[in-house]
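Residue numbers (our numbering), protein chains in the order written: chain R, 63 to 371; chain E, 852 to 1177. Step one of this worksheet: look at the structure below.
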């Protein structure tokens, strides 16, 4: 169940590194400075701006609605900017939903999933890229096959298994199925391949053990890749919904998305109050959006590196 | 495991042959130990992944298949091995089950309309972003990609409000120009298209980023040559860009199709499959049968039907799009 849904790499065996510089000089560089070119450029900007407006509108609507009074929320025609800014829905939501607890659950699970993937995916990625051992190609084929399997296929027996292991409503139950994701192995293998063999050979000649070489020589060299992997895995876990929905019955163990979905689909709890729901959504989306804006280069680079050809 | 004399040949079926990294003469002294050690290290490094894979993926995949031939029910959750084999009964029942057939149809609808829209708009966004603009490029790219990284549950909650017939954004905008907004999610006809629009909005960023990478891999001289030969912008797009992007197009179509075939969260949060099952998808139907009614054998059969469909479509897409490259 590699359910990092935002980023599934391709079944490719080798991929060139993605474009390093996002503002690559493009093909139509200096060739078009005529007035027709300028007109075309204006058109491009206009289209892009309209697109961006459509993309951003739901976010803006959410962010602004979270601070509206009930009168503004039901106003017709709609009010974009709250006539009166209020935090009342924040208080209301916190009264009904133990947001700090769910936040903590989500954070703990995501952090532990990320940590275990950093170690396990790097280990196998390194072995697949740099160690010669019998069965290597078969293991790589297994990793690629695992990438193609839809997560939904495993849900039913996984639930039975976790019940038998008494891991329903436990962090372990939420973490274990995602502790070593095929996607991460694939990503790390791509990056580990760029380490020069001579360096590892030299260490071997100096008598370094294989673990030492991996941990002290290879890992520091792929720090940017580790950053990319952390972000993608953390995010996948933070946003993960289906498995936590199934693996938790005790509301005290819900993650944020499960808590919000349960709250939103149960009219008894939320009484259809859009104000509270927008606050809940904002609290899930905002941290991720901020992290994304700061580190966006890692996202697109990770995608481009694993996702090309 | 491997012998000491000639370990390289049989212990390491790898691309780089022996001796590529050291001069042939010096090889025998150095290599013998490292290769044997690497063999052990390789397997030790693979162990955590392999164990987790075996327990939480391989075993469940097999178990789903076996369960789909049994009457696995609630009591079997505590006592799995007392489930009885009923042969193909679950599968035959499935294809008489109007609800499931409807779910199958709805999922197909979602894919057939959603995938071309997502891939098409993603391509348009990528081409626009790559058409020589330099100012605000990163800004636009971040904006288009942002929905991808956000929680689908939160997004679905927001969109439910945007589409709300009385207080929603669209209803409000419609009333401003004197129109009344339909009840998007309450209408059997409009509910599914509404979910599709939201899915396109959310996923086109992924496709766009992949297309941008693909576009930048096209050698500039190819375009230059076309332009010197007097190709118009449209001809250049049609005859150069699109054919050279075919591998990316193939890949984006495949991953988008797989994702959309599994569609679950959107109907779960926004419509609960309604109205009158018009947005019930295969995954949602499987979830309900399995975890609300605990008809787990029956739900396993659904999971496998979906899996087979996914595999078949993926293979088909690989065939179709590959044949055209020549």
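Where is the CB? At the ideal position from N, CA and C, for every residue including glycine.
CB contact check: residue i to chain R, cutoff 8 Å
i, result
"residue 1146/E", "no"
"residue 974/E", "no"
"residue 1040/E", "no"
"residue 889/E", "yes"
"residue 1026/E", "yes"
"residue 1141/E", "yes"
"residue 1034/E", "no"
"residue 968/E", "no"
"residue 1154/E", "yes"
"residue 948/E", "no"
"residue 893/E", "yes"
"residue 1001/E", "yes"
Minimum C-alpha distance to residue i - residue among the options
i, options, result
"residue 810/E", "1169/E, 995/E, 1035/E", "Any question about residue 810/E goes unanswered here, given that chain E covers just 852 to 1177."
"residue 1106/E", "1144/E, 1057/E, 1026/E", "1057/E"
"residue 1122/E", "1038/E, 1167/E, 999/E", "1038/E"
"residue 960/E", "1113/E, 906/E, 1168/E, 1000/E", "1113/E"
"residue 181/R", "142/R, 219/R, 282/R", "282/R"
"residue 340/R", "1019/E, 1075/E, 966/E", "1019/E"
"residue 929/E", "225/R, 279/R, 357/R, 106/R", "225/R"
"residue 324/R", "160/R, 263/R, 177/R", "160/R"
"residue 163/R", "314/R, 275/R, 326/R", "314/R"
Distance between residue j and residue i (C-alpha atoms, nearest Å)
i, j, result
"residue 135/R", "residue 1015/E", "11 Å"
"residue 985/E", "residue 1086/E", "23 Å"
"residue 1091/E", "residue 1164/E", "27 Å"
"residue 1117/E", "residue 258/R", "46 Å"
"residue 910/E", "residue 217/R", "11 Å"
"residue 144/R", "residue 1073/E", "53 Å"
"residue 137/R", "residue 127/R", "11 Å"
"residue 158/R", "residue 1139/E", "27 Å"
"residue 229/R", "residue 1088/E", "54 Å"
"residue 123/R", "residue 898/E", "48 Å"
"residue 879/E", "residue 886/E", "Confidence at residue 879/E is low in this model, with a pLDDT of 46, below 50, so the placement of that residue should be treated as unreliable; the coordinate-derived value is given next. Approximately 11 Å between the Cα atoms of the pair."
"residue 71/R", "residue 183/R", "Note that residue 71/R scores 41 on pLDDT, short of 50, meaning its location in the model is unreliable and no value can be drawn from it."
"residue 250/R", "residue 188/R", "7 Å"
"residue 331/R", "residue 344/R", "18 Å"
"residue 319/R", "residue 1083/E", "49 Å"
"residue 1036/E", "residue 1126/E", "8 Å"
"residue 1023/E", "residue 916/E", "50 Å"
"residue 1167/E", "residue 896/E", "36 Å"
"residue 346/R", "residue 309/R", "20 Å"
"residue 353/R", "residue 359/R", "11 Å"
"residue 1169/E", "residue 1100/E", "11 Å"
"residue 253/R", "residue 1162/E", "29 Å"
"residue 286/R", "residue 242/R", "19 Å"
"residue 306/R", "residue 1120/E", "15 Å"
"residue 1081/E", "residue 992/E", "31 Å"
"residue 240/R", "residue 186/R", "15 Å"
"residue 1002/E", "residue 1029/E", "34 Å"
"residue 973/E", "residue 316/R", "34 Å"
Chain E contact for residue i (CB, 8 Å cutoff)
i, result
"residue 299/R", "no"
"residue 250/R", "no"
"residue 351/R", "yes"
"residue 354/R", "yes"
"residue 389/R", "For chain R, the structure presents residues 63 to 371; residue 389/R sits outside this window and is missing."
"residue 254/R", "no"
"residue 139/R", "yes"
Would the region 1129 to 1147 of chain E and the region 942 to 962 of chain E be scored as touching if the rule is three or more Cβ pairs under 8 Å?
Inter-segment contact for the region 1129 to 1147 of chain E and the region 942 to 962 of chain E is present: three or more beta-carbon pairs are separated by less than 8 Å.
Give a yes or no on contact between the region 1056 to 1074 of chain E and the region 1085 to 1100 of chain E, applying the rule of three or more CB pairs nearer than 8 Å.
Between the region 1056 to 1074 of chain E and the region 1085 to 1100 of chain E, the count of Cβ pairs shorter than 8 Å is three or higher; the stretches touch.
Pairs of beta-carbons, one from the region 281 to 294 of chain R and one from the region 202 to 222 of chain R, closer than 8 Å: are there three or more?
Result no; under three Cβ-Cβ pairs closer than 8 Å.
Does the pairing of the region 924 to 931 of chain E with the region 1142 to 1151 of chain E give three or more beta-carbon distances under 8 Å?
Contact between the region 924 to 931 of chain E and the region 1142 to 1151 of chain E is present: three or more C-beta pairs spanning the two stretches fall below 8 Å.
Check whether the region 163 to 177 of chain R and the region 291 to 306 of chain R touch, using three or more Cβ-Cβ pairs below 8 Å as the test.
As far as the Cβ criterion goes, the region 163 to 177 of chain R touches the region 291 to 306 of chain R, which means the pair count is three or higher.
With 9 Å as the C-beta to C-beta threshold (strictly closer), list the residues of the region 1082 to 1097 of chain E near chain R in chain order.
When CB distances to chain R are screened at a threshold of 9 Å, the residues of the region 1082 to 1097 of chain E falling below it are 1084, in chain order.
Contact list for the region 1112 to 1134 of chain E against chain R, Cβ threshold 8 Å
Against chain R - using a Cβ distance shorter than 8 Å - the residues of the region 1112 to 1134 of chain E are 1112, 1113, 1115, 1116, 1119, 1120, 1123, 1134.
Under 9 Å (Cβ pairs) to chain R, residues found in the region 1003 to 1019 of chain E:
The region 1003 to 1019 of chain E vs chain R, Cβ under 9 Å: 1003, 1004, 1005, 1006, 1007, 1008, 1009, 1010, 1011, 1012, 1013, 1015, 1017, 1018, 1019.
Taking any Cβ of chain E, which residues in the region 223 to 234 of chain R have a Cβ under 8 Å from it, in chain order?
Residues passing the 8 Å Cβ filter: 223, 225, 226.
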